[in-house]
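With the working numbering, the residue at position 12 of the sequence shown is 101, and numbering never jumps. Structure first, commentary second.
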Amino acid sequence: VVEVRTEHRTDPSTWALNMREDDCPVMIVGTDDVRPVAELDAVRPVDDPTWRVLRKTRDSAFVGTGLADLLHRSGVERIALAGISTESCVATTAIDAYAHDLRVVLVADAVLTPDPGRHRAVLEHLAELYRQPAVTLDDLALGPPRLVLPGTAGAT
């Protein structure tokens, strides 16, 4: 498991462009914004050296974190992606994973955004363009998913 947390400094040195332009920072170190969700705390093992925590300051988990190198060194070819903000952090991480030749499945019951229409549209876009299906956690436990695109006999 690689847990990636967004954490910004109080000064604007790590803020994204929109945060600086709007003078509206989010995910500041030391605030409740950066606390992991309770469900993640509930499954995180104590003192497990295989559970990695990386910190990021951009939407994509690949920017400035060493994630691509870590996954490639570990022989990872496929990732299951969960996270908050389907249209930003989840989507940019999924697209960057594709750029790093990684297969992606999105855990449908573990990604979200406040806008259900946007959420569905982004998941459909990722499935159609990047062949990154959204599957339930239960389906993921059954093995690698098959993605069947309209007009095809099916692809994996």
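In this text, a Cβ means the ideal position worked out from N, Cα and C, and glycines have one as well.
Query                                                                                                       : Result
Classification of Gly164 by the beta-carbon crowding that lies within 10 angstroms, buried from 16 upward   : exposed
Cα-Cα separation, Gly240 to Asp204                                                                          : Because Gly240 sits at a pLDDT of 41, beneath the cut-off of 50, its placement in the model cannot be relied upon, and the point is left open.
Pair within 9 Å by beta-carbon distance, Thr95 and Met116                                                   : yes
Straight-line Cα distance separating Leu143 from Val93                                                      : 5 Å
Alpha-carbon spacing of Ala128 relative to Val90, whole angstroms                                           : Rather than Ala, the amino acid found at residue 128 in this sequence is Glu. Whole-angstrom Cα-Cα distance: 14 Å.
Beta strand (DSSP E) runs contained entirely in the stretch 168-222, provided each spans 3 or more residues : 192-201
Paired residues, beta bridge with Leu143 - DSSP                                                             : Val93
Terminal residues of the alpha helix (DSSP H) in which Met108 lies                                          : 106-111
Residues near Ser149 in its chain [Cβ-Cβ closer than 7 Å; skip 5 each side]                                 : Thr181, Thr182, Asp185
Arg98 - DSSP class collapsed to helix/strand/coil                                                           : coil
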